[in-house]
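S.K.:
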Amino acid sequence: MEQYNESIHLDKHIYAQDVRGSIARNSKPLKRDLREVETEWAEGSSFVIKSGDEDIHTANKRRLGEIMGKNIAGKLHTGGSRNDQVATGMGLRYY
């Protein structure tokens, strides 16, 4: 089932848009650490996609949790839907 839902290989190209959408919706401490995640992606060497990262959103959230703690990172998209994340990322990428 996990492989069926996995789309990281398709949507990893919208990493920057996903991070920027998260930055726009969150507070200063989260923004600082989200910028670190974005920098790791941009450098291409320090961000590692791990098994269990089914899509770009879970990969970014997992890495944010490694940086600032899972409890805080778990609140990243409180009150927002995955559809909103996808629409924001795709909209920023293609429009």
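Here the working numbering = 1-based position in the sequence shown + 33. By construction, the Cβ of each residue, glycine as well, lies at the ideal position given by its N, Cα and C atoms.
Does DSSP put Glu99 in a helix, in a strand, or in coil?
M.R.: Sequence index remark: in the sequence shown, residue 99 carries index 66 (1-based). Correct three-state label for Glu99: helix.
S.K.: Is Glu39 helix, strand or coil when you go by DSSP?
M.R.: In the sequence shown, residue 39 corresponds to position 6, counting from 1. Reduced to three states, the DSSP call for Glu39 is coil.
S.K.: For Ile89 versus Ile56, is the C-beta spacing smaller than 8 Å?
M.R.: Within the sequence shown, numbered from 1, the residue matching residue 89 stands at position 56. Within the sequence shown, numbered from 1, the residue matching residue 56 stands at position 23. The answer is no: Cβ separation not under 8 Å.
S.K.: Quick one: give me the first and last residue of the alpha helix (DSSP H) that Leu67 is part of.
M.R.: The residue given as residue 67 occupies position 34 in the sequence shown. Here the alpha helix (DSSP H) through Leu67 covers 61-76.
S.K.: Taking the alpha helix (DSSP H) that Ser55 belongs to, which residues open and close that run?
M.R.: As a working note, residue 55 is residue 22 in the sequence shown. Unbroken alpha helix (DSSP H) run through Ser55: 48-58.
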